[in-house]
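Mapping the sequence shown onto the numbering used here, position 27 (from 1) lands on 31, and the numbers just tick up by one.
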Amino acid sequence: MRYYTLSLKGAGDKFYTYIDEKEEYSLGEQVVVPFGRGERTALIISEEKQKKYEFDLKSIKRSVEGSIRFPEPLIKLFLWIQRYYLCSFEEILSVAYPQNLKTAYSHRYIFKASIIPMDDQERDFLKYISKKCEIGKNTLVKRYGKELVEKFLAKGVIEEKKVIKQKEYPVGCQDLEYDEIDYKKVLTPEQEAVRDEIVNGKDKFYLLKGVTGSGKTEIYIDVIKDALKKGGGAIFLVPEISLTPQMIKKFRLEFADRVALLHSRLTAKERADEWHSIYRGDKNIVLGVRSAIFAPVQNLKYIIIDEEHETTYKQDSSPRYNAKYVAIKRAELEGLKVLMGSATPSVESYYHAETGVFKLLELKTRYNDARLPTLKLVDMKNESDQYFSKELLKEISNRLRKKEQILLLLNRKSYATYIQCKDCGHVEVCPNCSITMNYYRSDGKYKCNYCGYSKTYSNKCSSCGSENLSYSGKGTERIEEEVKKHFPHSRVIRVDSESVKARDSYDRIYNDFLDKKYDIMLGTQVISKGLHFPDLTLVGIISADTILSFPDFRAGEKTFQLVSQASGRAGREEKEGEVLVQSYQPDNYAIKRIIEDDYEGFYRDEIENRKILKYPPFSRIINIIISSLDESGLEEAALKYYEEIKNPKLEIYGPIKAPIYRVKERYRYQIFIKGNRSDISKAKKIFYEKSLIYKGNSIRITIDVDPINLM
Ligand SMILES: [Zn+2]
Ligand SMILES: [Zn+2]
5 MRYYTLSLKG AGDKFYTYID EKEEYSLGEQ VVVPFGRGER TALIISEEKQ
55 KKYEFDLKSI KRSVEGSIRF PEPLIKLFLW IQRYYLCSFE EILSVAYPQN
105 LKTAYSHRYI FKASIIPMDD QERDFLKYIS KKCEIGKNTL VKRYGKELVE
155 KFLAKGVIEE KKVIKQKEYP VGCQDLEYDE IDYKKVLTPE QEAVRDEIVN
205 GKDKFYLLKG VTGSGKTEIY IDVIKDALKK GGGAIFLVPE ISLTPQMIKK
255 FRLEFADRVA LLHSRLTAKE RADEWHSIYR GDKNIVLGVR SAIFAPVQNL
305 KYIIIDEEHE TTYKQDSSPR YNAKYVAIKR AELEGLKVLM GSATPSVESY
355 YHAETGVFKL LELKTRYNDA RLPTLKLVDM KNESDQYFSK ELLKEISNRL
405 RKKEQILLLL NRKSYATYIQ CKDCGHVEVC PNCSITMNYY RSDGKYKCNY
455 CGYSKTYSNK CSSCGSENLS YSGKGTERIE EEVKKHFPHS RVIRVDSESV
505 KARDSYDRIY NDFLDKKYDI MLGTQVISKG LHFPDLTLVG IISADTILSF
555 PDFRAGEKTF QLVSQASGRA GREEKEGEVL VQSYQPDNYA IKRIIEDDYE
605 GFYRDEIENR KILKYPPFSR IINIIISSLD ESGLEEAALK YYEEIKNPKL
655 EIYGPIKAPI YRVKERYRYQ IFIKGNRSDI SKAKKIFYEK SLIYKGNSIR
705 ITIDVDPINL M
């Protein structure tokens, strides 16, 4: 007899103990158990050592037909996430694997024995089935009707058989012998040394710092080949799938059908299919976003995280896990290696590399000896135009004349972010959030960036009806208009999340720009990533200050990363590139280091600040939001919760109104907590337990462990 701990569907945070009398079930299996007056499906998450219980336990009834079995390390990983990120087991399952994931069966009938027919139809049936021997259920029922089929089934003429539906996979490089897999032959000695260190080194965690264009992708590919050589697989994480058409293409070329893609643009069915093919071992390389970290790759050897500094690895809703740290935990559980790559590593990762937790590897030269672009600061305080300095205009027209391409970055979409009536002073604000609505001229609408609310733009103040409106906070749409005014003959393409909505349009825009159908690409941060255009020689950062003013201790870091990434797009072949960085804060340390192209220097400044202010990596932080649809009583509730979690060992700030007080109709109070690692991890459980008291109430408490978004 065995005792198992089970997570029951719909039972929230509680686990239950059930008996496995005949010892026929195993860890990770999905089973059906009696619960109350009915039954529930459940997942076996651990075996219990204790054999004495004071009350009667019930037995597991049966296993869920066609369900898959979770590998033990994944179950352990889920349990760690639950404890670390403070969420329910079900919430983890909901992101970790496709819903309703079941093995598909096809039902077939087999001919067993003949009988004497009673009429012509029966005679025909017997003749048909004896000839076919085996046939699909639906075909037979369609031909002879349900009644007759059931009659013969009862008489033992035919027998039902269930067969697992297998998808046929085209043979490709699956047939390759592992020792036939060759490393890239074009690697530079520097790249080779890095690859060999990862493949043969004794360390578990590697941080690969390589300037844009230094060939990190080639190393990733070789590392994955090493996994294949060893008869294993790899998970390759990217920040966003739509931004990686080049990467997908490369992977397909190298690994053909062994690559599974996992991302949010798949339909539920596509996702389940991919997941199954990984689970069965048909595919052993996974390219995907955040949640692909849970892919059940058999014999996993490496997890590679590209652009490790990107904030998209952290989920912004429960479970608020960070795929980077989940990868590290998974590596510990499964004994594999993690490779994190970036041109501008996150300050925390670089600190871990400096202190020996991660092994630091560097690529210092650009591939094919392409030159690094020259960076130049433009102090906007001396300019008459807020967005286009004289120098930027001059350089744009230079490139246009030479038929070279230009990239303009402004990390703000829309036409205007702030619309105010000049007569009555009314500002257009979202009815659900305490934030101004953005105006999009392209589709004539006001939209809220936080809740998605939109309304038709009427050209009139919604308070007094005046048409005397002022538009401030220019976004990409407005800049596009101004570029066209300055350079009427240039061909401009605007790229932001509003202009790119169709499934493949980013890929198309990318190819059109590569084919030189456009002279200028203008957009938000989406254009700063992973693109490679040989004729692009000028990058203009319209405003380097958009992030700097955020109330966020990572504002400097995010600015440095964004501008450096965009700069890396300039001059990647033999043509030399130039980057113009426009800023109103030329003395800001992040802006200065950007211009000096000095990551090390930036890191030194930043880590010094963090040490003084006790921010990560010198502390752990937790952000708690107490929210309600009803403003009355909220502040009292926040104060009450604060009293309950008070802890002299921690710095607890608040409760205060959140920087954006109202989001999606909910009023929000914020409590911000700082402390050292062990104090935080001891206190965390209490934060969570106390928050559960409010569950089902109009008050909602959300706890974000290691938050990235502090708004
Ligand atoms: Zn809103
Ligand atoms: Zn007005």
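Every residue gets a Cβ at the ideal spot worked out from N, C-alpha and C, and that includes glycine.
Since we're looking at a predicted model, the values are computed, not measured.
Alpha carbon to alpha carbon, how far is Lys653 from Tyr101? Residue mapping note: residue 653 aligns to position 649 of the sequence shown, counting from 1. Residue mapping note: residue 101 aligns to position 97 of the sequence shown, counting from 1. Rounded to the nearest whole angstrom, the C-alpha separation of Lys653 and Tyr101 is 38 Å.
Backbone secondary structure at Glu181 - three-state DSSP: Within the sequence shown, residue 181 is the residue found at index 177, counting from 1. Bear in mind that a pLDDT of 49 at Glu181, under 50, signals an unreliable position, so the model cannot answer this.
Whole angstroms is fine: what's the gap from Ile245's alpha carbon to Tyr510's? Here residue 245 corresponds to residue number 241 of the sequence shown, with the count starting at 1. Here residue 510 corresponds to residue number 506 of the sequence shown, with the count starting at 1. Going by the C-alpha atoms only, they are around 10 Å apart.
Verify whether the separation of the beta carbon atoms of Lys694 and Tyr657 is less than 8 Å. In the sequence shown, residue 694 corresponds to position 690, counting from 1. In the sequence shown, residue 657 corresponds to position 653, counting from 1. At least 8 Å separates the beta-carbon of Lys694 from that of Tyr657.
List in chain order: all unbroken beta strand (DSSP E) runs of 3+ residues lying wholly within the segment 226-259. Counting only runs of 3 or more, we get 237-241.
When every heavy atom of ligand 2 is checked, does at least one fall within less than 7 Å of the C-beta of Ser467? Position 463 of the sequence shown, counted from the first residue, corresponds to residue 467. Yes, Cβ of Ser467 sits closer than 7 Å to a heavy atom of ligand 2.
Unbroken alpha helix (DSSP H) run spanning Thr563, endpoints: On the sequence shown, residue 563 is found 559 positions in, with the first residue counted as 1. 559-571 is the span of the alpha helix (DSSP H), which, as asked, contains Thr563.
Closer than 7 Å to a non-hydrogen atom of ligand 2 - does that hold for the CB of His280? Within the sequence shown, the letter at position 276 stands for residue 280. No, Cβ of His280 sits at least 7 Å from all heavy atoms of ligand 2.
Proximity of Leu526 and Thr563 at Cβ, strictly below 8 Å: In the sequence shown, residue 526 corresponds to position 522, counting from 1. In the sequence shown, residue 563 corresponds to position 559, counting from 1. Against a cut-off of 8 Å, the Cβ pair of Thr563 and Leu526 comes out as no contact.
Compare the C-alpha of Asn713 against each of Gln529, Pro590, Lys318 and name the closest. Position 709 of the sequence shown, counted from the start, is the residue given in the question as residue 713. With distances taken between Cα atoms, Asn713 lies closest to Lys318.
Do you know how far the Cα of Phe298 is from the Cα of Ile133? Position 129 of the sequence shown, counted from the start, is the residue given in the question as residue 133. Position 294 of the sequence shown, counted from the start, is the residue given in the question as residue 298. A straight-line Cα-Cα distance of about 46 Å links Ile133 and Phe298.
Which residue marks the beginning of the alpha helix (DSSP H) containing Leu343, and which one marks its end? Against the sequence shown, residue 343 aligns to sequence position 339. Leu343 -> not in any alpha helix (DSSP H); beta strand (DSSP E) instead, spanning 341-346.
Give the C-beta separation of Asp286 and Leu404 to the nearest angstrom, bearing in mind that I take them to be a contact with Cβ-Cβ under 8 Å. Stepping through the sequence shown from its first residue, residue 286 is reached at position 282. Stepping through the sequence shown from its first residue, residue 404 is reached at position 400. Not really, about 51 Å apart at Cβ, beyond 8 Å.
Using 8 Å as the Cβ pair cut-off and three pairs as the minimum, do the segment 248-255 and the segment 532-541 touch? A contact between stretches requires three or more CB pairs, one per stretch, nearer than 8 Å, and the segment 248-255 meets this requirement with the segment 532-541.
Candidates Gln409, Asn436, Asn472: which alpha carbon is nearest Thr424's? As a working mapping, residue 424 is identified with position 420 in the sequence shown. A small fix is needed here, since residue 424 is Gln in this sequence, not Thr. The alpha carbon of Gln424 has as its nearest neighbour, out of Gln409, Asn436, Asn472, the alpha carbon of Asn472.
According to DSSP, is Tyr210 helix, strand or coil? For the purposes of this step, residue 210 is taken as residue 206 along the sequence shown, with counting starting at 1. It is a strand residue.
Excluding the 5 residues preceding and the 5 following Gly149 in the sequence, name in chain order all residues of the same chain whose CB lies nearer than 8 Å to its CB. Start at 1 with the first residue of the sequence shown, and residue 149 comes out as number 145. None.
Does DSSP put Lys318 in a helix, a strand or coil? In the sequence shown, residue 318 corresponds to position 314, counting from 1. If DSSP states are grouped into helix, strand and coil, Lys318 belongs with the strands.
For Glu222, does the count of other Cβ atoms within 10 angstroms reach 16, so buried, or fall short, so exposed? Locating residue 222 in the sequence shown gives position 218, where the first residue counts as 1. Sixteen is the threshold: when 16 or more other Cβ atoms of the shown chains lie within 10 Å of the Cβ of Glu222, as they do, the residue is buried.
Which of the three DSSP states is assigned to His111 in this structure? The count along the sequence shown starts at 1 and reaches residue 111 at position 107. Per DSSP, reduced to three states, the secondary structure at His111 is strand.
With distances taken between CB atoms, is the gap from Ile49 to Leu83 smaller than 8 Å? Reading the sequence shown from its first residue, position 45 is the one you call residue 49. Reading the sequence shown from its first residue, position 79 is the one you call residue 83. Between Ile49 and Leu83, the C-beta spacing is below 8 Å.
What is the C-beta distance between Lys688 and Tyr673, in whole angstroms, given that I count them as a contact (C-beta under 8 Å)? As a first step, residue 688 is located in the sequence shown; it is residue number 684 there, counting from the start. As a first step, residue 673 is located in the sequence shown; it is residue number 669 there, counting from the start. Wrong, their Cβ atoms sit about 19 Å apart, outside the cutoff.
Would you mind sorting Arg199 into buried or exposed? The rule is 16 or more other CB atoms within 10 Å of its CB. For the purposes of this step, residue 199 is taken as residue 195 along the sequence shown, with counting starting at 1. With 16 or more other Cβ atoms within 10 Å, it is buried.
Using only the alpha-carbon positions, how far apart do Leu397 and Cys465 sit? As a working mapping, residue 397 is identified with position 393 in the sequence shown. As a working mapping, residue 465 is identified with position 461 in the sequence shown. Going by the C-alpha atoms only, they are around 34 Å apart.
Where Gln34 falls, given that 16 or more other Cβ within 10 Å makes a residue buried: Reading the sequence shown from its first residue, position 30 is the one you call residue 34. With 16 or more Cβ atoms within 10 Å of its Cβ, Gln34 is classed as buried.
Report the three-state DSSP secondary structure of Gln86 (helix, strand or coil). As a first step, residue 86 must be located in the sequence shown, where it is residue number 82. DSSP places Gln86 in helix when its eight states are reduced to three.
Do Arg445 and Glu580 have their beta-carbon atoms positioned less than 8 Å apart in this structure? Position 576 of the sequence shown holds residue 580. Position 441 of the sequence shown holds residue 445. No, they are not a contact pair.
Under 8 Å, with one C-beta from each stretch per pair, do the segment 18-33 and the segment 59-67 reach the 3-pair mark? Yes, the segment 18-33 touches the segment 59-67.
Return yes when the Cβ of Phe255 is within less than 8 Å of the Cβ of Leu212, no when it is not. For this step, residue 212 is matched to residue 208 along the sequence shown. For this step, residue 255 is matched to residue 251 along the sequence shown. No; because the gap between Cβ atoms is not below 8 Å, this pair is not in contact.
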